[in-house]
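Engineer:
2 protein chains.
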Amino acid sequence: MLSEGAVNVYSHQLAARARVTSAQVRRDLMTVGYEGSPQRGYVVEDLLEAIGKRLDPPALQPVALVGVGNLGRAVLAFLRGRRPRLAITAAFDRDPVLVGGIVHGCRVYAMRDLPAVVSREGINVAIIAVPASEAQAVAMELVSTGIKGLINFAPVRLMVAKGIVVEDIDMTTALEKVAYFARQAVEEQVRK
Amino acid sequence: MLSEGAVNVYSHQLAARARVTSAQVRRDLMTVGYEGSPQRGYVVEDLLEAIGKRLDPPALQPVALVGVGNLGRAVLAFLRGRRPRLAITAAFDRDPVLVGGIVHGCRVYAMRDLPAVVSREGINVAIIAVPASEAQAVAMELVSTGIKGLINFAPVRLMVAKGIVVEDIDMTTALEKVAYFARQAVEEQVRK
DNA sequence: CGGTGTGAAGCGCTTCACAGCG
DNA sequence: CGCTGTGAAGCGCTTCACACCG
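Read top to bottom, the protein sequences are chains A and B.
Residues 8 to 199 (the numbering used here) are what the first sequence spells out, left to right.
Residues 8 to 199 (the numbering used here) are what the second sequence spells out, left to right.
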């Protein structure tokens, strides 16, 4: 909205963009602690800063990537430069051909270097982009080196110590879900 | 579980794997309509079939992919063969170098062929893997050809007619979320 | 006992609704 | 008026708790 030149914004405008209700937006902003005025709504720039203060990393937070296959490379390219303070600073793979090289601007290390690199760079978040059969083992290794958060692309429920945050990105399930509702929509259309 | 040779399973076992409570599992299975017995729990094979009958496509449901860049190719490779009745049967890109070729076993068409291919193959679900700046336009084009469900990888909230299902896969937000909680976990550790 | 199925209660997020204000 | 901030109500999903059963 900033780039569109907007200075002020009302809760119902934010609501429309986020596909929620205006009451929801106001509630959430209450949590953030930023207050608007009934006359002008919220000041876009200040609001952005207030949210950032609450949610953004205060300094560069390095991220590790494990698995530099098709998916890993795509993630590397996709995330690159998208969030200034969240960057994948180290990638790991067991393929000797990749190790030592640089992919999408990121250095690829051997799996055995994982503990050393993670502790040296102070990494506490990792992305798992390995085959499902290896995901659990990789997760355990990451957690044992001190990682606190995981993004998991493998279609497996990881078993990890509690206190470790796992966010699953399950494309297969997402596709099944959409396909299910799309079928319903088509059926409904036919019924008419 | 089938491949592990399990024949029967109790709700609390399923619960542990899915990281939910056993009551939740029993509730959900009530919805599915499959009944177990207190003695044997659920019969894995029958349960699988009952769930499939409720959720799986009755026949091959073709899916379109728009955008054959890094991400699109990774999605193509990842989804390939994962669900027998959900397959990406057509990919689209505006890059003339890709058009006419085959990527990960999937034919790549020009954007202009989209309506014809979608209607010929009876596609009702599409995956959007184009840059954020083009996602909205692509979504509108897809919807106008009759697509009912979308998976959207672009970090943009798509505005679509209601009745159209959109599932956002937002890696950036997922990473921010995990990074946030990982920071909290680290802080807590320091406090001790 | 240790399971399932399920009515009823619990709980937390979402929405309502309205005072307050320029 | 029209918008914000927020107490209170609403609403659904989740959990409890228990009858029933081999």
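We put the CB at the ideal spot given by N, CA and C, even for glycine.
By the 9 Å beta-carbon criterion, what residues does the region 63-77 of chain A contribute toward chain B?
Structural biologist: Cβ contacts with chain B come from D63, P64, P65, Q68, V70, G76, N77.
Engineer: Within a Cβ cutoff of 6 Å, which residues of the same chain sit near A/G48, ignoring the five residues on either side of it in sequence?
Structural biologist: So the list reads N15, V16, Y17, once near-sequence residues are dropped.
Engineer: Can you tell me whether B/M178 is buried or exposed? The criterion is at least 16 other CB atoms within 10 Å of its CB, across all chains shown.
Structural biologist: Under this definition B/M178 is a buried residue.
Engineer: Thinking C-beta only, is B/V115 closer than 8 Å to B/V167?
Structural biologist: Taking 8 Å as the Cβ cut-off, B/V167 and B/V115 do not qualify as a contacting pair.
Engineer: So, helix, strand or coil for A/A136, using DSSP?
Structural biologist: Coil at A/A136, not helix or strand.
Engineer: Quick one: residues in its chain with C-beta nearer than 6 Å to the C-beta of A/V124, no 5 flanking neighbours on either side, listed in chain order?
Structural biologist: So the list reads A97, Y116, once near-sequence residues are dropped.
Engineer: Examine chain B for any beta-carbon lying closer than 8 Å to the beta-carbon of A/K155, and answer yes or no.
Structural biologist: For A/K155, the answer is yes, since a Cβ of chain B falls inside 8 Å of its Cβ.
Engineer: Find the nearest neighbour of A/E194 within the set B/Y41, B/G79, B/P65, B/A30, judged by alpha-carbon distance.
Structural biologist: Of the candidates B/Y41, B/G79, B/P65, B/A30, the one whose C-alpha sits nearest the C-alpha of A/E194 is B/P65.
Engineer: With which residues is B/F99 paired in a DSSP beta bridge?
Structural biologist: Note: B/F99 sits in a beta bridge opposite B/V73, B/Y116.
Engineer: Closer than 7 Å by beta-carbon distance: list the chain B residues that pair up with A/G170, in chain order.
Structural biologist: Within chain B, the residues near A/G170 are A192.
Engineer: Who are the Cβ neighbours of A/E174 in its own chain at under 6 Å, not counting the five residues just before and after it?
Structural biologist: Excluding residues within five positions, the ones whose Cβ falls inside 6 Å are I158.
Engineer: Beta carbon of B/V106, beta carbon of B/L83: below 8 Å?
Structural biologist: No; because the gap between Cβ atoms is not below 8 Å, this pair is not in contact.
Engineer: Which residue marks the beginning of the alpha helix (DSSP H) containing A/V172, and which one marks its end?
Structural biologist: Run containing A/V172: none in the alpha helix (DSSP H); it sits in the beta strand (DSSP E), 172-175.
Engineer: Out of B/L36, B/G12, B/E11, B/S10, which has the shortest C-alpha to C-alpha gap to B/A22?
Structural biologist: Selected option, being the one with the closest Cα: B/L36.
Engineer: Figure out for me which residue from A/V163, A/T180, A/V172 has the closest Cα to the Cα of B/M8.
Structural biologist: The residue with the shortest Cα to Cα distance from B/M8 is A/V163.
Engineer: If you follow the alpha helix (DSSP H) that A/G59 is in, where does it begin and where does it stop?
Structural biologist: Start and end: 51-62.
Engineer: Going by C-alpha to C-alpha distance, which of B/E183, B/G153, B/A94, B/A142 sits closest to B/L121?
Structural biologist: When only C-alpha atoms are compared, the closest one is B/G153.
Engineer: Using a Cβ-Cβ cut-off of 8 Å, state whether A/I158 counts as contacting chain B.
Structural biologist: Answer yes: the Cβ-Cβ gap between A/I158 and chain B drops below 8 Å somewhere.
Engineer: Under 7 Å Cβ-Cβ, which residues of chain B neighbour A/K60?
Structural biologist: Within 7 Å Cβ-Cβ: nothing; A/K60 doesn't reach chain B, min ~13 Å.
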